[in-house]
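See structure below.
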Amino acid sequence: MARKPRRAPPEKPANTKKSIKNILSLLRGYKLKLTLTVICGIISTVFSVISPLLIGFATTAIFDGITSGNMNIEYIVNLLMVVVILYVISAVFSYLQSYLLLDITTDISYNLRMDLIEKITHLSMGDLDVKTRGDILSRITNDVDSLQSGIVQTFNQLLTGVITIVGVSVMMLSINLWMTLATIVLVPIAFFIIIKVTKFSQDYYLKQLEYRGRLNGQIEESFTGHEIIRSFNQEEESMMIFEEENENWYEHEWKSKFFSSLSSPLIHFISNLQYVIISVLGAVLVLQSAISVGDILAFIQYSKNFTTPIEQITRVMNMIQTAMAASERIFEFLEIDIEENPSSEQINEIAEEISFENVNFGYNEDEMIIKDLSFKVKKGEKVAIVGETGAGKTTIVKLLMRFYDLNSGEIKIDGVNINRYDKNSVRSLVGMVLQDTWLFNDTIFNNIRYGKLDATEEEVIAASKEAHADNFIMQSAEGYGMVLNEDTDNISHGQKQLLTIARTILSNKQILVLDEATSSVDTRTEKIIQKAMDKLMKNRTSFIIAHRLSTVRDADKIIVIDDGHIIEQGNHDELMEQKGYYYNTLNSQSSDDIA
Amino acid sequence: MNLTKTLKTIGKLIKPLKKSIIPLFLIFLFLVIDVYCNLTLPSYTADIVDIGIQNTDFNYIISVGTMMMAMVLIGVLSTIGLSYFSSKVSAAYGRDLRKISYDKILKFSNFELNKISRASLITRNTNDVYQIQIFLGLFFTTILFSPILGIGSIIKALELGTNLMWIIAVTFAALIIPFIIIFVKTVPYFSIMQELTDKINQTSREILIGMPVIKAFIRQDYEEERFEETNEDFRSVNLKVFRTLLVLLPGMTLLLNVMIVLILYFGAYDAIRGEILTGTIIAFIQYATQIVMAFLMMGGFLVMTPRILVSGRRVAEVINTEISITDGPIDKIDDNPTIEFKGVTYSFPGSEKEILKDISFKLEKGKTTAIIGGTGSGKSTILNLIPRLQDVSGGEILINDKNIKEYKLSAIRDRISYAPQKAILFEGTIRSNMLIGKADASDEEIKEALNMAEVDFIESLDDEVSQGASNFSGGQKQRLQLARSIIAVRDFYLFDDCFSALDMNTEAKVKGNLKSLSENSSMLIVSQRISTIMDADEIIVLDEGRIIDKGSHDYLSENCNIYREIVSSQIEQSKEFLYDGGESSNFIIDTDYIRKTSGGK
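This is the structure:
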């Protein structure tokens, strides 16, 4: 409710019935409060609808008083007293209605956001990969917001709108049939016009939205590539492209604005027409003694109460559609099955070895990334996985982590297929240091402690020292209390890497995965990280993924992967002997050295 | 807030409106007509009641009714006219303001770019301009409408000659005080709410990105609790703010209705004394309602203006920025030019810390120069100084012995080809991107450049490049931008660590291909990798902005400690932890072996 989503085109839900059912299921828990809301709405509206009639009576009394010269002031004052009381009651109940509704909807949004986050943390990696981050994030923020305002509008505006229209019709009919007909006859016309104009402007709106997106994209791109534009003398060309997009947007933007702004003068026109009809027809009817003068004033007020809700209802209709589309997206996400974890059998340690046996895997059925892969790692060994980008190195460790299920083959720990264990217990054996350091917006202390939530301060500092992170941490004034900012870019990449190593040291896992951990830091930092990683790897079974040969040379076993296959394996010396891929790559890495 | 400053900002921003003087006049005219038509209606009603009904004059009622009809029609026509012109003027204004600021930003140097930041410039050129544009449309149709309606209504109400004007004043005061109190109470919470919305976004994003780590550490519950905290804060602030704000609407409606009751009550006493007629009371009620509504609307817009002023100031800042790097008088550079750095220092304007200190070296035809050093050593800054993306703080850069500032920017840049660290391509096709490097390149020339850069992953020159070139990997982007930078024959090629995402094999191939280029031009290569720069004619070792030493690979391997350190970390790395001393000799022997087999190169 904080930031209203920008007026987006009303999206249509694909399955109206289902999304209504879903929204109702959300409301089910609030039956009592909702009933109270509706009752408050009815009381508030009914009381406010009666008042103009009484005001009309008072006006008639004044008119009669003027005409007859004998003003019944006591009667008028009594009427006005009642009117004030009615208005006060109406205002109180109107506030109660919105108050209750706010309570209900804030609660619903809160729960939906919790459900969404819980879903995210329990989805399998495969299901998460399918959706883009932006898409999921917009479900948590924008969609939950639109759903909330959709529900609020439905119960506020739609409910009161409908009650008002019914109430006002009844009141008007009680005064005079012909006046009522003359007023109401314009309503369907107004309705029709609004729908037509909205539809028409909608097309322009969508088009301008597209052109606006293109223009913004162009601007973003050229500011990002500012150096290129300048150093290649492309200023004029860039200006030309910009002006073309800018002009395109302008053409569609002003038309969209114009057509969408038309509905308000048209509604205004209709309500002014009503005003004229009421004044003239009312006067004629007064002359014929069919109604009294005060009824004209009452009608003027009623007619205003009539067009406003209609305007509101058409607007709300669009919002409701958006809300339903939003609920559809939310529920679609909530309905995805969470990661299966059928076994509760725990594995606590690795005794002998990890083996991959004829493993086949692809993110899509028809595109295998890992093909018939087999190898063994003894406990305490260091295995290096080498190969070009996209060869499938990282996928191998993801499979070990059981982030994905194999298409065929088996991964075994001590001869037992890891699928037979609880997923979490398999994962709890493995510690990871990845190229993309993931830290969060909190203190350095809490980021390290993430590896072991119940760690004492001494344990955290000891781990940090072992990871060579203590030095740079103590250099800043806040020390371990230093808060990493939102983009976690107030420390360097290398320092972040040291923190993730400290975190992993603290977690004390038996198996380690080091995935390109030093690839984007400079040489001096790399040395420190290498030292830290070396301590980390001591006495642990480690998988090292790297493209720098220096990192892998001392591994007990080097596996060279190409296109999902193992093309070579052995230790450094054996592979140098083979004069294959490894040898050639090493050659190209150092040939310049010799030149 | 400084008033003259604000007025100046507004003055600057209003400029693009100058050419829309006639439509602006029409907008104002239509607005006045519209308000006038609306205002006459209640007084006509008063006439109908007080004259037509009182005198039972049927014809009078019909003729007044006809007049009212005419007013309604004129009113709607002028509103449509108003909408037409205001949509056009505000959209055109946005277009022109955007163009002015875009044009300005294109001329920015790195200094101005960094001062405001690119992300902010993008927002200013898109969102901020759009906010102002929307505000302008609203200003014409609604904001300007309310004071005119309010003043018109006051005049009309006064014309009625009642004693009841004070009721309007009282109502207004009764409305404005709680209005202000509520706003003062809630406004501070709006920024908190915005922060919490951002925090929800931030935490969700963190969780999404960190899923592999969260799963590995089995921290799902921990993360949910972390999110719940923010979510809970958000809920409680939301409730607090809106529970207060929701008082506004029912409260306002109530006060307006009480005003009507008061008018009737006091009107009745006046009527006894014969000072007022029924129709007049009816009309007065209409005007009074309009006056209060108009001023409330103005209040609402006043709340909006600070936000718009922020956008306005942000855009004005862009337009007012003085550009620090401009053309010199000389527009031609003689053939076979040289570029010489003489005691160059560089520090960010206003900063004490020197990024570069006393840098001297010379680029000339046929010579390849390389710069090596750690992150933050100032390598990229040196490169940026050559095409004058930024200017030196001390010392000078000479082109053919004349200060670089004496040349026209485009003349310098025509001699230079530059490939930055972060490969940037533009939306379009492979061809359109290559033409940036050379506007009249033939398909053959493009293909040749692509081959040289080892671009072997595209199907045709018409392959699409999406925004941010997101359909290519980092290594592919680097190769494409390399092709773009070598397609034209230039005197100077500046490569800023632009091989970093290539694997060793590809890099070696590309470097082989570039050999032919280096014979007729001067090359300057920046890198962190020894293998990239090892065969340069001159290698400059940079550390913390200072040249430690320069010379050939062999010379530096002998004499420069830092260079040796870098070499050892990359090529003969880590004896201390990989092997003990004895075994490390294995590797040395291996390289000897390679030396022999690679053909004595």
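These protein sequences, in sequence, are chains A and B.
If you count the first sequence from 1, position 358 lands on 358 in the numbering used here, and the numbers rise without skipping.
Going from the second sequence to the numbering used here is simple: count from 1 and add 595.
Where is the CB? At the ideal position from N, CA and C, for every residue including glycine.
Within chain B, not a single residue places a beta-carbon under 7 Å from that of residue 290(A); the smallest gap is close to 13 Å. Here DSSP, grouped into helix, strand and coil, assigns residue 131(A) to coil. For residue 358(A), the enclosing beta strand (DSSP E) stretches over residues 353 to 361. Where residue 431(A) is concerned, the enclosing beta strand (DSSP E) starts and stops at 430 to 433. Remark: C-beta atoms of residue 559(A) and residue 350(A) do not approach each other more closely than 8 Å. For the options 441(A), 460(A) and 215(A), the alpha carbon positioned closest to that of residue 448(A) is the one of 460(A). Chain B has a Cβ within less than 8 Å of the Cβ of residue 257(A).
Rounded to the nearest whole angstrom, the C-alpha separation of residue 365(A) and residue 1020(B) is 33 Å. Listed in chain order, the non-local C-beta contacts of residue 1091(B) below 7 Å within the same chain comprise 975, 978, 1014, 1015, 1016 and 1121, local neighbours out to five positions each way being set aside. Put simply, the CB of residue 653(B) is near chain A, with a gap under 8 Å to one of its CB atoms. Under the three-state reduction of DSSP output, residue 367(A) falls in the strand class. Residues of the segment 267 to 291 of chain A with a C-beta atom less than 7 Å from some C-beta of chain B are 268, 269, 272, 273, 275, 276, 279, 280, 283, 284, 286 and 287, listed in chain order. Judged by pairs of C-beta atoms under 8 Å, the segment 908 to 924 of chain B does not touch the segment 1093 to 1100 of chain B, as fewer than three such pairs exist. Here the alpha carbon of residue 155(A) sits roughly 11 Å from the alpha carbon of residue 104(A).
Beta-bridge analysis with DSSP links residue 1118(B) to 963(B) and 1088(B). Looking at the DSSP output, residue 1072(B) sits in no beta bridge, so it has no partner there.
The segment 187 to 218 of chain A is shown to contain no whole alpha helix (DSSP H) run of 4 or more residues. Listed along the chain, the chain B residues whose CB falls inside 9 Å of the CB of residue 451(A) are 812. Close CB contacts of residue 1151(B) within its chain, under the 7 Å cut and outside five residues either way in sequence, are with 1134, 1136, 1144 and 1158 (chain order).
Distance from the CA of residue 212(A) to the CA of residue 968(B), rounded to the nearest whole angstrom, comes to 44 Å. Contact between residue 240(A) and residue 698(B) is ruled out by a C-beta separation of about 12 Å, above the 8 Å threshold. Counting along the chain, no alpha helix (DSSP H) covers residue 345(A), and no H or E run does either.
The beta carbon of residue 185(A) lies closer than 8 Å to none in the same chain, with the five residues before and after it left out. As computed with DSSP, residue 570(A) is found in a beta bridge with 558(A). Look at residue 401(A): its C-beta is under 8 Å from a C-beta on chain B. Inclusion of residue 683(B) and residue 249(A) in the CB contact set at 8 Å is not warranted, their separation being larger than that value. Judged by DSSP secondary structure, residue 1136(B) falls within the beta strand (DSSP E) whose first and last residues are 1133 to 1138. For the 8 Å CB-CB criterion, residue 387(A) and residue 369(A) do not form a contact.
For residue 936(B), the uninterrupted beta strand (DSSP E) segment begins and ends at 934 to 942. For residue 1037(B), no CB of chain A lies under 8 Å from its own CB, so it is not counted at the interface with that chain. Residue 1052(B) and residue 1067(B) have their C-alpha atoms spaced approximately 9 Å apart. Taking 9 Å as the cut-off between beta carbons, the residues of the segment 561 to 573 of chain A near chain B are 572 and 573, in sequence order.
Against chain B, a Cβ distance below 7 Å from residue 99(A) picks out 838 and 841. The shortest CA-to-CA distance from residue 209(A) to any of 528(A), 545(A), 36(A) and 257(A) is the one to 257(A). A residue is called buried once 16 or more other Cβ atoms fall within 10 Å of its Cβ, and residue 504(A) is buried on that count.
Per the DSSP secondary-structure output, residue 384(A) pairs in a beta bridge with 544(A) and 558(A).
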